[in-house]
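These notes concern the structure reproduced below.
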Amino acid sequence: MNKNRIHLSTVHQGGSESKYIQEALLSNSLSTGGKNVDDFENTVAAYLGEDVHIAALSSGTAAIHLGLKLLGVGFGDEVICQSLTFSASANPILYLGATPIFIDSEDITWNLCPIALQAAIIDRIAKGKKPKAIVAVHLYGRPYQIDLIHKIANHYEIPVLEDCAEAFGSYYKGQACGTFGTIGVLSFNGNKIITTSGGGALITKRADVKTKAIFYATQSKDRALFYQHSVIGYNYRMPNICAAVGQGQMEVLDEHIKLRRDNHVFYTELFSEFEFVTVHNVPNEDYSPNCWLSTILVDPDNKHNVRNEDLRVALEIENIESRLLWKPMHLQPLFENCGYYGGNVAETLFKNGLCLPSSSNLTEQDKIRIAAVVRRVCLK
Ligand SMILES: *Cc1c(COP(=O)(O)O)cnc(C)c1O
Numbered sequence: 129m130n131k132n133r134i135h136l137s138t139v140h141q142g143g144s145e146s147k148y149i150q151e152a153l154l155s156n157s158l159s160t161g162g163k164n165v166d167d168f169e170n171t172v173a174a175y176l177g178e179d180v181h182i183a184a185l186s187s188g189t190a191a192i193h194l195g196l197k198l199l200g201v202g203f204g205d206e207v208i209c210q211s212l213t214f215s216a217s218a219n220p221i222l223y224l225g226a227t228p229i230f231i232d233s234e235d236i237t238w239n240l241c242p243i244a245l246q247a248a249i250i251d252r253i254a255k256g257k258k259p260k261a262i263v264a265v266h267l268y269g270r271p272y273q274i275d276l277i278h279k280i281a282n283h284y285e286i287p288v289l290e291d292c293a294e295a296f297g298s299y300y301k302g303q304a305c306g307t308f309g310t311i312g313v314l315s316f317n318g319n320k321i322i323t324t325s326g327g328g329a330l331i332t333k334r335a336d337v338k339t340k341a342i343f344y345a346t347q348s349k350d351r352a353l354f355y356q357h358s359v360i361g362y363n364y365r366m367p368n369i370c371a372a373v374g375q376g377q378m379e380v381l382d383e384h385i386k387l388r389r390d391n392h393v394f395y396t397e398l399f400s401e402f403e404f405v406t407v408h409n410v411p412n413e414d415y416s417p418n419c420w421l422s423t424i425l426v427d428p429d430n431k432h433n434v435r436n437e438d439l440r441v442a443l444e445i446e447n448i449e450s451r452l453l454w455k456p457m458h459l460q461p462l463f464e465n466c467g468y469y470g471g472n473v474a475e476t477l478f479k480n481g482l483c484l485p486s487s488s489n490l491t492e493q494d495k496i497r498i499a500a501v502v503r504r505v506c507l508k
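Structure, rendered in structure tokens:
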């Protein structure tokens, strides 16, 4: 095998990262926090608009953990969470000693089903425990049904933690994703649309919530001449050198979104030849996705007898990475005793879906290699 590996979603440098890293090195700012972190936070806040405040942290998972804590989630509480997602949406619920209650997807955006969500809230309240928060995810960069979900959340007065890890640069009705929830979360892991080589951020409209998040993220030190701690603390602040990488990446975020959208157009055209494959898209122009990952559904009843797994294996043989969708959380051994509301939408998506190589640095040559495998498998 001498062909270069085509990754699902990989790092794409913009070019000016080294300038900012140099700045951090020259000022000897190689700790957590610092001038690059402050500047990076301001750039991200300005990008999102809506007068938000950003707390840059060590990962998206850390941001979800602190976000839920700031929403008051604690031991014995119940937290509603989208089932079709990466485990990092749900694990922090366990860190806090709370219990996740999982919700099925709807088949339009693949995110939280409003009907199952409402049924769950009503049932949990009837059972004596009102859910403390709702974790809503913009899966693969496609916004969830924001108006409907927030209408339900507001009606029952339950705060939404918006997991925007995959959707930085996505919009709904012209407003940036990440700014709809009581708290929003971004990830800058290496596989996301931009990276800090590992990092995340908490988004809030309240300056005091940002201050509190940074307080927790830096070991909860009381105002005292010595180290005094009244509450539990964490080491979750973003390292300054990581923020420097992020500053360089912010300069190319819009370009990366454009390139990922081009990938989506490429796949839409490629699969238009095969009526049993649907490239997932948004329902209307209210939704403006960053197209972080392009995904397809393969109708299992096609006469060519092609399954998602056939495509995955054929691509892998050619050193091309693709991946099944996230396995729903309610089907994970870790969460087998947790509550679940809904039907089998998420499970069916998992059975038939596939994520395709979607990096912003996917080349024309890469696309030719991918198209050749797809045509060979689907035309058999
Ligand atoms: C990547 C991701 C996270 C976690 O972000 P990290 O920075 O990797 O900790 C959380 N939720 C979703 C949906 C993700 O894709």
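With our numbering, the residue at position 51 of the sequence shown is 179, and numbering never jumps.
Even glycine gets a Cβ: it sits at the ideal position worked out from N, Cα and C.
Note that the structure is a prediction, hence the values are computed from the model and not measured.
query: So does N418 have its beta carbon nearer than 7 angstroms to some heavy atom of ligand 1?; result: no
query: If you follow the alpha helix (DSSP H) that Y469 is in, where does it begin and where does it stop?; result: Element bounds for Y469: not the alpha helix (DSSP H) but the beta strand (DSSP E), G467 to Y469.
query: Considering only the beta carbon of each residue, do M366 and S186 sit closer than 8 angstroms?; result: yes
query: Tell me which residues share the same chain as F404 and place their Cβ nearer than 6 angstroms to its Cβ, disregarding the 5 neighbours each side in the sequence.; result: D427 and N430
query: Taking C419 and N391 to be in contact with their CB atoms under 8 angstroms, please state how far apart those CB atoms are, rounded to whole angstroms.; result: 7 angstroms
query: At which residues does the beta strand (DSSP E) containing I208 begin and terminate?; result: E206 to Q210
query: When you compare the CB positions of L194 and Y300, do they come within less than 8 angstroms of one another, or not?; result: no
query: Measuring CA to CA, which of Y395, N219 and A304 is closest to G177?; result: A304
query: Suppose contacts are defined by Cβ-Cβ distances below 8 angstroms. Is L439 in contact with L482 by that definition?; result: yes
query: Hey, quick one: how far does the beta strand (DSSP E) through T423 stretch, first residue to last?; result: S422 to V426
query: Roughly how many whole angstroms lie between the Cα atoms of I134 and S488?; result: 12 angstroms
query: Mark E397 as exposed unless 16 or more other C-beta atoms lie within 10 angstroms of its C-beta, in which case mark it buried.; result: exposed
query: Considering only heavy atoms of ligand 1, does any lie closer than 7 angstroms to the CB of A371?; result: no
query: Got a sec? Which residues, its chain only, sit under 8 angstroms from P411 by beta carbon, not counting five neighbours each side?; result: I236 and T237
query: Where E444 and P456 are concerned, what is the direct C-alpha to C-alpha distance, given to the nearest angstrom?; result: 23 angstroms
query: Less than 7 angstroms separating the Cβ of T189 from some heavy atom of ligand 1?; result: yes
query: What residues match up with G312 in a beta bridge as DSSP calls it?; result: E290 and I331
query: Is the separation between the beta-carbon of L245 and that of A474 shorter than 8 angstroms?; result: no
query: Is it right to say H266 is buried, meaning 16 or more other beta carbons lie within 10 angstroms of its own, or is it exposed?; result: buried
query: Threshold first: 3 residues or longer. Then list the beta strand (DSSP E) segments lying entirely within the stretch 321-367, N to C.; result: 328-332
query: Hey, is the stretch 212-229 in contact with the stretch 461-468, meaning 3+ C-beta pairs nearer than 8 angstroms?; result: yes
query: Go ahead and pull the three-state DSSP assignment for F230.; result: strand
query: Name the one or two DSSP bridge partners that Y415 has.; result: Y300
query: Can you check whether the CB of K131 is closer than 8 angstroms to the CB of E446?; result: yes
query: Using a threshold of 7 angstroms, is the CB atom of G297 nearer than that to any non-hydrogen atom of ligand 1?; result: no
query: Could I get the ranges of all uninterrupted beta strand (DSSP E) runs contained in the stretch 162-226, with 3 residues as the minimum, in chain order?; result: 181-185 and 206-210
query: Would you say D533 touches ligand 1, meaning its beta carbon is less than 7 angstroms from a heavy atom?; result: The question about residue 533 has no answer, for the chain in this structure spans 129 to 508.
query: Does the Cβ-Cβ distance between V207 and V263 come in under 8 angstroms?; result: yes
query: Is the CB-CB distance between A261 and L199 below 8 angstroms?; result: yes
query: Please return the same chain residues whose Cβ sits closer than 8 angstroms to the Cβ of S450, not counting the five positions on each side in sequence.; result: L136, L439, R440, L443, E444, L482, C483, L484 and P485
query: Can you tell me whether DSSP reads V505 as helix, strand or coil?; result: helix
query: Between which two residues does the alpha helix (DSSP H) carrying I243 extend?; result: P242 to A254
query: With a threshold of 8 angstroms, are at least 3 pairs of Cβ atoms found where one atom belongs to the stretch 282-292 and the other to the stretch 245-260?; result: yes
query: I need the DSSP call for L484, collapsed to helix, strand or coil.; result: strand
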